[in-house]
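So the structure is just underneath, and the comments pick up after that.
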Amino acid sequence: MKSPAPLFSKALFNKNLHRFWPLLAAYMFFAFIVSFAVINYYRYVIIITSEKFMSNLYSTSPIIAFVIGLFSIVLAVAIFAYMHNSVATAMLNSLPYKRKTVFFSNYISGLFMLLAPLLVLFLAFVGICLSFNCLDFIALSKWLFIFASLSVLLYSLAVTLGMLTGHIVAHIVFFAIANFIFISLEGVIKYFLTTFLYGFIDSSNFYIGLGNNWLTMKLTPLAYVGSISFAEVDTTLITWLVYLLFSVLLFWLGLKLYEKRKMENAGDIIAIRKLNHLFKYGVAFCSSLAFGMILIEIFNVGTNFALSVFLVLLMGLVGYFVAEMLLRKSYRVLDAYKGFIVYALILLVVSFSIYYDWYGYANRTPDINKVEAVAFSNDWLSSYTVNHLQAEQSRVFMNDIPNIPNSLALSYGNPIDRIEEPSGTYSYIYKKQENLSKEETELLWTAIPGIYTEDASIGDIYKLHTYLTNNIKEVRNNYRTRDTNKWYAKQERQYHYFNISIVYKLTDGQVDIYNYPVIIPKEALSGSDNDIYNQLVAIAGSAERRSKKANTLDIETANIVSILLNDNISTEKYDYYDKYSAEHPLATRETEEIKIAPEDYTDFLAAIKADYLSMDDEEMLQLNYNNWSYIRISIDNQSLPSNNKFREKSETIDIDFSHLNTLNFLYDNGYITEDLYNYVVKYPDIQAEEDKTSQSNLLKINVA
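Take the sequence shown: its position 333, counted from the start at 1, is 1424 in my numbering, and no numbers get skipped.
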């Protein structure tokens, strides 16, 4: 009875180790360098906790991941290099081994050389932790599991990709592309949509702290492993199990491709002929998006749809025929034009459908009855504001919140642990500002002016949103007509550029993001321009926004260390003012920060609050667009413990030309001169006249 062919050959395994031991030695040397660096880092530290050790260890993840990726492709290319040479391929296949045995033995030998140094590094870390009395064996084992999973995945990917090509350079290039294809495609597709789909906004910009949960990030293991922290390890273990299962699938696929591979295809870019069309159209598509968008950016023609599509098609044409040349190994490829015509027609249909929004993307609105809170801005939304809106499932940044509620300051500002430093001082560990409770989230909202929770405010915002969607064609066409260099150059009238951003937090926890850029002339408003502007004015002057702006100044005077006023007016504003008062040019005066006297703290803050409550709605809309000064309030909140991270902080508040109560207080109490007072009072009219003159001159130049 004939015995079955062995699956593994010890001779092939040993032969690979004998041939490629320098690669194993180089990887071992890297492990030695990393362990030495860790020892050197901790040699002056008196007390090391296991948490601190592991946190610092995970901070090296990007470097370790890069090295694993590098050695994965180097080992795969080295061990399977014979497949790229027909003579070497024929010689190896003449050996008394089945293809399954050759593939399995080669695969295992490379995987051994990839995992052995990682195990050595793990043992070195165990020894280091024992010497510093900070060993957490389970945590270290999880670290080993994560990077072993990454090693198996990347090596399996490198080997399988090698089965698809007969060219060593293509093998390396395919591996690099495969590692970043998803995250790169996401980037260029979103850029394409941002350029051509009115109202599109990349919501991932706002999800700070949750970035490593995105699907494209998980489909990019090299980037994903570099993004996780020690605190997130337990929540990501399922991902690494999926990576291991996918590695098994890649191994099986690589084996089947190796068994079916025609060895005479050595030297071909694509060794599996059935994949030629996939390669050709894939290159054309990636070339269209990547290089097409680069040209659009270089020539600044994003507002010209026809020219932009032409550039995208042009780069697709280049990519298509370059791919055809690589496949045929010939420059005579013009007879393949029919395939590109089909590709171009499909791309044109997709581009037109996006540009004219056949899918109704900009027409979406949520159910008003499910809206719990809204983040709104007419001038882009801060990612911090959006994160605070979804604080129950995101990281927040309380350091940037003025007048943070004391209960939150105590919960997240008091230290939960401390670490002794070599100098004898202590560094404190604080509770992470993320995944707040529902009650904490709602309390946080009360301190942020950009978030609206009152029914009246939500109703006004939803009314504006509904108006925009009901008139979306007119709104979109107005914006596209005006957002061009030609239109800007012809304008005699001034205009507003509003980027209306609306983010709804729904009762089920979902967050919906909408964005509508509009350009509205400042004078002679009519039609949708007038309706949109009036609704923006109403929202800006809402009672909720006014009260939140005023509440940021509810600071006990006993907690105020200092209030400094900065009146360092810009040179541009000097020039305007000098035309009005040449005898007293502000540019010649000495400027310095003006310190408000402690006895005036209460009245000064009351004056600013009075301005927020007394400005008309239109002034509230233009708030902080044209400032003449700002104040910086240094606070020492004595109701908080001395080691609370929020006890000492500073708040900066812009003072613009609508803060008349503030201006009068500063002048009446001798903080500013009469010259500066007159400047602030008269500057808006001077600027308006100057803008009108400059626009008129610009129009004459363009007409000429």
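We put the CB at the ideal spot given by N, CA and C, even for glycine. Quick caveat: nothing in here was measured; it's all calculated off a predicted structure.
Contact annotation: Y1446 and K1736 have beta-carbon atoms that are not nearer than 8 Å.
Residue pairing by DSSP leaves V1771 without any beta bridge partner.
In this chain, D1745 is not harboured by any alpha helix (DSSP H); it is covered by the beta strand (DSSP E) spanning E1739 to D1747. Within 10 angstroms of the beta-carbon of K1640 lie 16 or more other beta-carbons, which makes it buried. Under the Cβ criterion (8 Å, minimum of three pairs), the region 1612-1630 does not count as touching the region 1488-1508.
Membership of I1170 in the alpha helix (DSSP H) is indicated by the continuous run S1152 to I1170. In the assembly as shown, R1110 is an exposed residue. Its beta-carbon has fewer than 16 other beta-carbons within 10 Å. A Cβ-Cβ distance of about 6 Å is found for the pair I1726 and I1651, placing them in contact under the 8 Å criterion. In the DSSP assignment, L1336 forms no beta bridge with any residue.
H1368 is classed as exposed because its beta carbon has fewer than 16 other beta carbons within 10 Å across all chains shown.
Under DSSP, I1591 forms a beta bridge with Y1607. Distances from the alpha-carbon of G1393 to those of T1572, G1430 and L1346 put T1572 closest. Of all alpha-carbon atoms in K1353, N1606 and A1314, the one lying nearest the alpha-carbon of A1269 is that of A1314. If you check the CB distance, S1518 and R1509 come in under 8 Å. By DSSP's assignment, K1686 forms a beta bridge with L1655.
Cβ-Cβ distances below 7 Å link I1459 to Y1553 in the same chain, with the five nearest sequence neighbours on each side left out; the list follows chain order.
Residue pairing by DSSP leaves V1487 without any beta bridge partner. The straight-line gap separating the alpha-carbon atoms of E1545 and L1472 is approximately 19 Å. Here N1391 is exposed. Its C-beta has fewer than 16 other C-beta atoms within 10 Å. Comparing alpha carbon positions, the residue from L1405, G1430, C1225 and L1206 closest to V1158 is L1206. For R1637, the enclosing alpha helix (DSSP H) stretches over residues A1634 to N1642. Per DSSP, R1364 is not a residue of any alpha helix (DSSP H), being assigned neither H nor E.
Beta-bridge annotation (DSSP): F1223 is not paired with any residue. Between T1251 and G1373 a beta carbon distance of about 17 Å is seen, past the 8 Å cut, so the two are scored as non-contacting. Judged by beta-carbon spacing, Y1586 lies within the 8 Å limit of P1612, meaning their Cβ atoms are closer than that value. Residue nearest to E1742 within the set N1715, L1754, N1769 and I1654 is I1654 (criterion: CA-CA distance). When the beta-carbon positions are compared, L1535 and A1482 come within less than 8 Å of each other. Annotation for S1705: the continuous alpha helix (DSSP H) segment containing it runs Y1692 to S1705. Rounded to whole angstroms, the separation of the alpha carbons of P1457 and A1466 is 14 Å. By the neighbour-count definition (other C-beta atoms within 10 Å, threshold 16), S1421 is an exposed residue. Put simply, the backbone Cα of S1338 is about 23 Å away from that of K1101.
Shown here for A1547: same chain residues with a beta carbon closer than 8 Å to its own, the five before and five after excluded, namely S1633, A1634 and E1635 in chain order.
With a cut-off of 8 Å on Cβ pairs, the region 1286-1295 is not in contact with the region 1122-1133, counting fewer than three such pairs. Taking the Cα of L1418 as reference, the smallest distance to any Cα among H1750, N1561, A1261 and M1119 is reached at A1261. With contacts defined by Cβ atoms closer than 8 Å, L1166 and M1254 do not form a contacting pair. If the five residues before and after L1341 are omitted, its C-beta is found closer than 7 Å to the C-beta atoms of S1247, L1248 and T1251, all from its own chain and listed in chain order.
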